[in-house]
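K.L.:
According to the UniProt record's numbering, the sequence shown is numbered sequentially starting from 1. We put the CB at the ideal spot given by N, CA and C, even for glycine. Okay, here's the structure, questions in a sec.
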Amino acid sequence: MQLESPRAPYLQFMNPPDLYDPRLNGYSHVAVAIRPAKLIFAAGQGGEDMCGGLRADFTAQVNRALSNLRVALQAGGADIPDIAKITVLVVDHSMERLAIFSRAWQALLGDWPAPACTLIPVPRLAIDGMLFEIEAVAVLPE
Numbered sequence: 001m002q003l004e005s006p007r008a009p010y011l012q013f014m015n016p017p018d019l020y021d022p023r024l025n026g027y028s029h030v031a032v033a034i035r036p037a038k039l040i041f042a043a044g045q046g047g048e049d050m051c052g053g054l055r056a057d058f059t060a061q062v063n064r065a066l067s068n069l070r071v072a073l074q075a076g077g078a079d080i081p082d083i084a085k086i087t088v089l090v091v092d093h094s095m096e097r098l099a100i101f102s103r104a105w106q107a108l109l110g111d112w113p114a115p116a117c118t119l120i121p122v123p124r125l126a127i128d129g130m131l132f133e134i135e136a137v138a139v140l141p142e
């Protein structure tokens, strides 16, 4: 199955029929940039506020990290629909934490096609108390 983003027709997302349908988990198996493009690499964003403070709650960190990601992308001229690939890092990964992230991510995506995604369970992240981090690669027309 191939999907095009209405806002970003230079991105195509594919879910080959021989692989399971990942859309319920908020991602696509393949993202393709179909013309010369400007790439925006957003560094891993955690749940820190502007002063570097972190709330202890996983859900709060996910929500703040997604907000921070959007701010980082917008600084480069991109936004959520322009994302081709995300990488998600979760401390003490569990199905409950996956569900929390998936709900928040789906709410942010809305009707936009889901990008390619890799989720990596990790024992810890760069800052004490950090439980979640997300980075993205976005594509804009050249």
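1) How big is the Cα-Cα spacing for residue 113 and residue 93?
2) When we look at the beta-carbon of residue 133 and count the other beta-carbons within 10 Å, is it buried (16 or more) or exposed?
3) Where do the N-terminal and C-terminal ends of the alpha helix (DSSP H) with residue 60 fall, by residue?
4) Does the distance from the CB of residue 36 to the CB of residue 142 come in under 7 Å?
5) Any idea what DSSP makes of residue 135, helix, strand or coil?
6) Taking residue 55 and residue 91 to be in contact with their CB atoms under 8 Å, please state how far apart those CB atoms are, rounded to whole angstroms.
7) Alpha carbon to alpha carbon, what distance is there between residue 138 and residue 101?
P.N.:
With the given structure in hand:
1) 25 Å
2) buried
3) Taken as a continuous stretch (DSSP letters only), the alpha helix (DSSP H) holding residue 60 covers 58-75.
4) Closer than 7 Å, so yes.
5) strand
6) Not really, about 14 Å apart at Cβ, beyond 8 Å.
7) 20 Å
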